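Numbering (the working numbering), first residue to last: 4 to 313.
Think of the CB as a built atom: it goes at the ideal place given N, C-alpha and C, for glycine as much as any other residue.
In this text, all values refer to a predicted model and were calculated from it rather than measured experimentally.
Report on the structure given below.
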Amino acid sequence: VQKFGGTAVANAERLRNVAEIIAETYRQGNQVVAVLSAQGDTTDDLIEKAQEINPKASRREMDMLLSTGEQISCSLCAMAVEALGLPVVSLTGWQAGVQTNSSYSSARIKKIDVERIQSEIDRNHSIVIVTGFQGINKYGDITTLGRGGSDTSAVALAAALKADLCQIYTDVDGIYTADPRHVKGARKLEEITFDEMLELASLGAQVLHNRSVELAKKYQVNLEVLSSFERKPGTKVKEVAKNMEKTQISGVATDKNVARLALVGVEDRPGIAYKVFSLLGQKNINVDIIVQSIGRQGTQDISFTVRRSD
């Protein structure tokens with residue numbers, strides 16, 4: 004399974020480059036499923052269009068709109084592979100059997116029925132190109148998995164297909180100790196553990212979607228992050244890295260899309276925190292860091308962080 008991000012498929016030249024990578028892998032005797040993001044800034048452009056029409060558009064309609072970006076890049080990439088004379092078919096998330104819950108704009112994958120993909124691979128010996136970032140819920144509605152969701156689509160498909168390898172192609176040639184665009188001297192890592200990568204991803208490192216790392220760890224997916232622009236080895240994400248007991252910081256990440264909320268003077272009795280966080284859970288709002296103060300005069304303070312957009 005090979006996943007290509009928005010930068011990798013941003014224009015015709017880059018789409019042809021992606022098609023070459025897929026073709027090369029296929030010619031080496033591999034069965035290939037490629038997962039694509041929308042081209043370049045397509046998702047941002049679509050959000051802008053929606054804002055013009057209705058700043059308070061429902062999440063269902065936003066998913067209907069945003070899912071079109073991946074369909075464009077997948078069909079164009081399939082055409083590029085076709086031009087190389089190879090058998091290929093592009094599939095939307097629902098055609099590929101990706102079934103999700105009904106949390107529009109931040110859906111979670113419930114299961115993947117890989118029968119259609121497997122049939123295309125076995126019967127037609129086709130390369131299969133799948134739209135990332137999306138699936139279908141029990142009502143037959145298109146859902147999206149949230150920003151970075153194509154990583155999660157790719158790892159979930161790799162797990163469901165029991166793939167030998169899941170390669171995440173990005174605009175950097177692996178995972179660095181810090182963002183190389185902002186930090187001079189950041190070093191590329193040969194390998195990193197699932198736990199370290201999960202920590203970095205959940206704290207703002209944008210190279211991998213944190214949910215994709217969770218899935219890779221859960222299903223022991225053989226994961227590699229590498230560049231779509233340079234043909235050289237990337238970073239392997241695995242259960243155990245070489246330096247087992249060496250104490251070290253693997254990397255540093257930053258996230259500016261964070262808001263801190265403080266509930267001051269909350270009644271200090273059992274069950275209050277549960278009331279607060281279960282309500283947020285019902286609305287699919289992820290809470291990260293939670294700090295509770297020591298009780299005083301029958302009250303306490305509760306602070307926590309959420310995404311600024313929530």
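*Would Y277 be called buried (16 or more neighbouring beta carbons within 10 Å of its own) or exposed?*
Only exposed fits Y277, as fewer than 16 other CB atoms lie within 10 angstroms of its CB.
*asked:* I'd like the span of the alpha helix (DSSP H) that includes K52, first residue to last.
replied: 45–56 is the extent of the alpha helix (DSSP H) around K52.
*When you compare each of H128, G149, L226, T28 to L69 by their alpha carbons, which one comes out closest?*
Of the listed residues, the one whose Cα sits closest to L69 is G149.
*Report the rounded CA-to-CA distance for D167 versus L218, giving the unit in angstroms.*
Taking the straight line from one Cα to the other gives about 15 Å.
*Count the C-beta pairs between the segment 128–135 and the segment 28–37 that are closer than 8 Å, then say yes if the count reaches three, no if not.*
Contact check between the segment 128–135 and the segment 28–37: three or more CB pairs, one atom from each, fall below 8 Å, which counts as touching.
*Inspect the CB distances between the segment 200–220 and the segment 173–188 and report whether three or more fall short of 8 Å.*
Using a C-beta cut-off of 8 Å, the segment 200–220 makes contact with the segment 173–188, since at least three inter-stretch Cβ pairs fall below that distance.
*What span of residues does the alpha helix (DSSP H) with E233 cover, start to end?*
Careful: E233 lies outside any alpha helix (DSSP H) and carries neither H nor E.
*Sequence-distant residues of the same chain with beta carbon closer than 7 Å to N225, five excluded per side*: Its chain contains D167, L168, C169 as the residues whose beta carbon lies nearer than 7 Å to that of N225, once the 5 sequence neighbours on both sides are disregarded; these appear in chain order.
_Buried or exposed for T302, going by 16 or more other Cβ atoms inside 10 Å?_
Result: exposed.
*asked:* Let's see if you can read the secondary structure: which residues bound the beta strand (DSSP E) around G268?
replied: From DSSP, the beta strand (DSSP E) with G268 extends over 261–270.
*With 16 other CB atoms within 10 Å as the buried threshold, where does V243 fall?*
When all chains shown are included, V243 counts as exposed.
*Could you check where the beta strand (DSSP E) with F7 kicks off and where it finishes?*
Membership of F7 in the beta strand (DSSP E) is indicated by the continuous run 5–7.
*Any beta-carbon of chain C closer than 8 Å to the one on T103?*
Among the protein chains of the structure shown there is no chain C, as only one such chain exists.
_Straight-line Cα distance separating S306 from V1_ = Since the first residue of the chain shown is 4 and the last is 313, residue 1 is not available in this structure.
*asked:* Here's the rule I'm using: 16 or more other beta-carbon atoms within 10 Å means buried, otherwise exposed. How should S231 be labelled?
replied: So S231 counts as buried.
*Work out the CA separation of L201 and A320 for me, nearest whole Å.*
A query on residue 320 cannot be resolved here, the shown segment of the chain reaching from 4 to 313 and no further.
*Kindly indicate which three-state DSSP category R63 falls into: helix, strand or coil?*
In the structure shown, R63 sits in a helix (DSSP, three-state: H, G or I).
*Within the same chain, show all residues whose beta-carbon is closer than 8 Å to that of L264, passing over the 5 residues directly before and after it, in chain order.*
For L264, where only same-chain residues beyond five positions count, the Cβ hits under 8 Å are S306, F307, T308, V309.
_Outcome for D66 when other beta-carbon atoms lying within 10 angstroms are tallied against a minimum of 16_ = With 16 or more Cβ atoms within 10 Å of its Cβ, D66 is classed as buried.
_Can you find the residues in the same chain that come closer than 7 Å, C-beta to C-beta, to T28, ignoring five residues on each side of it along the sequence?_
Around T28: Q5, V35.
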